[in-house]
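There are 2 protein chains.
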Amino acid sequence: MRILISGFGTVGQGFAEAMILRRNFFQERYGKDLTIVCVMDSSTFALDQSGLCPAELLERKKSTGKVGTERYQDPLKVMDSVEYDLLVEVSPTDIKTGGAGLKNIRHALGAGKDVITVNKGPLALKFCELVALAKKNNCKFRFEGSVGGAMPIINLCRENLVGENISSIRGILNGTCNFILTKMDNGQSFEQALKEAQQMGYAETDPTNDIEGYDSACKVVILANSLFKRNVAFSDVSITGITAISSEAISLAASNNMVIRLIGEVSNDKLEVAPRLVPKGHPLSITGTLNAAQVVTDLAGPITISGRGAGKIETASAIMSDLVSIMDDRKGREGRCLNQ
Amino acid sequence: MRILISGFGTVGQGFAEAMILRRNFFQERYGKDLTIVCVMDSSTFALDQSGLCPAELLERKKSTGKVGTERYQDPLKVMDSVEYDLLVEVSPTDIKTGGAGLKNIRHALGAGKDVITVNKGPLALKFCELVALAKKNNCKFRFEGSVGGAMPIINLCRENLVGENISSIRGILNGTCNFILTKMDNGQSFEQALKEAQQMGYAETDPTNDIEGYDSACKVVILANSLFKRNVAFSDVSITGITAISSEAISLAASNNMVIRLIGEVSNDKLEVAPRLVPKGHPLSITGTLNAAQVVTDLAGPITISGRGAGKIETASAIMSDLVSIMDDRKGREGRCLNQ
Chain A
43 MRILISGFGT VGQGFAEAMI LRRNFFQERY GKDLTIVCVM DSSTFALDQS
93 GLCPAELLER KKSTGKVGTE RYQDPLKVMD SVEYDLLVEV SPTDIKTGGA
143 GLKNIRHALG AGKDVITVNK GPLALKFCEL VALAKKNNCK FRFEGSVGGA
193 MPIINLCREN LVGENISSIR GILNGTCNFI LTKMDNGQSF EQALKEAQQM
243 GYAETDPTND IEGYDSACKV VILANSLFKR NVAFSDVSIT GITAISSEAI
293 SLAASNNMVI RLIGEVSNDK LEVAPRLVPK GHPLSITGTL NAAQVVTDLA
343 GPITISGRGA GKIETASAIM SDLVSIMDDR KGREGRCLNQ
Chain B
43 MRILISGFGT VGQGFAEAMI LRRNFFQERY GKDLTIVCVM DSSTFALDQS
93 GLCPAELLER KKSTGKVGTE RYQDPLKVMD SVEYDLLVEV SPTDIKTGGA
143 GLKNIRHALG AGKDVITVNK GPLALKFCEL VALAKKNNCK FRFEGSVGGA
193 MPIINLCREN LVGENISSIR GILNGTCNFI LTKMDNGQSF EQALKEAQQM
243 GYAETDPTND IEGYDSACKV VILANSLFKR NVAFSDVSIT GITAISSEAI
293 SLAASNNMVI RLIGEVSNDK LEVAPRLVPK GHPLSITGTL NAAQVVTDLA
343 GPITISGRGA GKIETASAIM SDLVSIMDDR KGREGRCLNQ
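Chains as they are written, first to last, in the numbering used here: chain A, 43 to 382; chain B, 43 to 382.
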């Protein structure tokens, strides 16, 4: 399996680190090495058909700020010059146009390559087109890390809960908002909590995307299209962020043994992001930067999963799980279980 | 796939109900019917190689108290007289000897049949023997519902987290204890809370198995053997139940923004059930009869799953998920995902 990585920011570098950590795992499981044959960042690329060394890539990026020594104008021409089997698309999210990520994914699927991405822009804007393209060309297209980071919500529903009828998913899909709301539970004002989130590196200088609920809305769209077979886009989501939540509202909730959490909800007829009251002790009443999602099923009842919604190696772990899943599919499923 | 069911109490009947609800699902997914060819309860059996009607089985059990019209002396002779592919073993748990369940499972695996069970006795006593027997005879042996009911902890670790190094699992593995502790959080004494649990049908008349931590200990053993490749038994677990937890201890915890929960913990060098302090808002601080388990991994960090730990249809759902997994394995893995 020859891998092309587009994007070498935090997540791309995390993936390179994970590849170093899991080299033995892949060799033992599949009897062969995975090789990274090409990496592109925003302006340069590194290419070696016999395999690039992940440690060298990380070192060069750290010391020079660039992953490659050669510059490129057109990323698609670089892709065409590489023999690869799988694109890992982790370039910056552009929620308005899909950006370079959308072009790269289209190009790879169009050429019959498997694709793993955590890039929410292309998924929130052009999900059904991309899935159809993958199907047409018999490619695998996976995106576990695009919703909830390390929390395996998509694969949980697709694999473990495949025999269930899922009626809805409700989740805390943005760790920054959950951090702010947790700080407000402890008595801080919204402004203080936001400032602390920025100081901790959880919120960006312009926090709009998080606190207005736009990031959560992208994830709701991905869940709706991938798990409910809907065909919706970002503009279909009813969105309310957390900026209007007052300290008084938080106190009132607490006096009723509740907390306020920003909840994304998707079902066959719902597509919404809004603050909601959650009873303390409920699986969605979690604190801090965690993400959580509750899947309501007809036989098993409600199943809730939580995990770290962001982070370098955590997001890379979701890519690795997609990679294992694709390699298992490609070789047939036997041997997937630890015992027997 | 021809199924033999041993045990037709709550879980066996729940499984029959689930088979009715999922008939179309199995036909669409595999292009054929699943048939129940034999069901045994404690003294009778029903047998029809062309397939028994689950609704009729349920009706007869309800009206006569027995699933069959013929009585048997030796269950193994009944099994020998049936042509079947898969045993669903859901007879009553006997944690001291393994009971009829252990004999039935051994007999089926010895004859080269796949087995699904939720029976904790055989798993807590003879896990490694049974797994070795399954492996020797090339049988599938699954037991998702034996730990945490509908909560898919085993398949989560085996499938979604297969690329992770799991260092420990900590969990709330007994819903009865969690119900009692939640009631104590709300000011009840242990005695009051236990009485209410008994009135609600969550605790048995003799609640020893739950409140002394024995049930949780069985589940810890199953997790240790199945996910940590250990070879341990019930007697290896360090067990402290919840009977010594005072209202004062609960209050003291609450004043520090904590709750007390009965936690089972397993790692490479730990095997323990004991009450622990859990911060409010932590994924393991859940209330009521829910079960939860936190899996600590090296890349993804902590992943927590929660769900209903008991219940007729909920436990049956775990058997159904094992059944889907076995049928997928038997036919090869393709088509397991909802999209493409």
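Every residue, glycine too, gets a C-beta built ideally from N, C-alpha and C.
Here the structure is a predicted model, which is why all the values come from computation and not from measurement.
Beta-bridge pairing of residue i - partner residues as DSSP gives them
i         : result
LYS312(A) : SER309(A)
ILE347(B) : ILE347(A) and ALA335(B)
GLY330(A) : The partner list for GLY330(A) (beta bridge, DSSP) is empty, contrary to what the question assumes.
SER210(A) : SER309(A) and VAL338(A)
GLU112(B) : PHE87(B)
PHE183(A) : VAL157(A)
VAL279(B) : Beta-bridge pairing links VAL279(B) to no other residue.
VAL301(B) : VAL320(B)
VAL81(B)  : ILE47(B) and ALA88(B)
Proximal chain B residues relative to residue i, where beta-carbon distance stays under 8 Å
i         : result
GLU171(A) : Simply none; closest approach about 13 Å.
ALA358(A) : LEU341
ASN197(A) : GLU201 and ASN202
Coarse secondary structure for residue i, derived from DSSP in three states
i         : result
CYS95(B)  : coil
GLY54(B)  : helix
ALA286(A) : coil
VAL173(A) : helix
SER123(A) : coil
ALA2(A)   : Here chain A has residues from 43 to 382 only, and residue 2(A) is not among them.
LEU76(B)  : coil
ARG102(A) : helix
THR159(B) : strand
LEU319(A) : strand
CYS379(A) : Its pLDDT being 39, under 50, CYS379(A) is placed unreliably by the model, and the measurement read from it follows with that caveat. Here CYS379(A) sits in coil by DSSP.
ARG71(A)  : helix
MET242(B) : coil
ARG148(B) : helix
ARG272(A) : coil
LEU63(A)  : helix
LEU165(A) : helix
SER231(A) : coil
PRO325(A) : coil
PRO134(A) : coil
LEU118(A) : helix
Cβ-heavy atom distance, residue i to the ligand MN, below 7 Å
i         : result
ALA275(A) : Looking for the ligand MN in the displayed structure turns up nothing, as the structure carries no ligands at all.
Neighbouring residues, chain B, relative to residue i (Cβ below 7 Å)
i         : result
LYS322(A) : LYS322
GLY205(A) : ARG64, PHE67, MET362, SER363 and VAL366
GLY243(A) : Near GLY243(A) there are no residues of chain B at all, since even the closest Cβ is about 17 Å away, more than 7 Å.
SER327(A) : GLY323
ILE355(A) : LEU341
ALA60(A)  : LEU341
PRO164(A) : What PRO164(A) touches in chain B: nothing, since even the nearest Cβ is about 15 Å away.
MET43(A)  : Here the premise fails: no neighbours, minimum Cβ distance about 14 Å.
GLY96(A)  : The amino acid occupying residue 96(A) in the given sequence is Pro; Gly does not appear at that position. The contacting residues do not exist; PRO96(A) stays about 15 Å from chain B at best.
MET300(A) : Those within 7 Å of MET300(A) in chain B number zero; the least Cβ separation is about 12 Å.
Residue i vs residue j beta-carbon contact at 8 Å
i         : j         : result
PHE276(B) : ALA166(B) : yes
PHE185(B) : ILE264(B) : yes
LEU128(A) : ILE45(A)  : yes
ILE284(A) : ILE222(A) : yes
THR86(A)  : TYR114(A) : yes
GLY140(B) : ASN179(B) : no
ALA88(B)  : VAL120(B) : no
PRO134(B) : ASN202(A) : no
ALA334(A) : LEU326(A) : yes
LYS373(A) : TYR72(A)  : yes
Boundaries of the alpha helix (DSSP H) in which residue i is found, first to last residue
i         : result
THR357(A) : 354-373
ILE264(B) : 256-269
ILE253(B) : 250-253
GLY140(B) : Unbroken run through GLY140(B): none, as it is neither H nor E.
CYS219(A) : 217-227
Contact set between residue i and chain A, taken where Cβ atoms lie within less than 9 Å
i         : result
THR77(B)  : Going along chain A, no residue has its Cβ under 9 Å from THR77(B), so there is no contact; the nearest lies around 18 Å.
GLY190(B) : Within 9 Å Cβ-Cβ: nothing; GLY190(B) doesn't reach chain A, min ~10 Å.
Continuous beta strand (DSSP E) stretch holding residue i: start and end
i         : result
LEU46(A)  : 44-48
GLU131(B) : 128-131
Proximal residues of chain A, C-beta to C-beta of residue i below 8 Å
i         : result
PRO344(B) : GLY349 and ARG350
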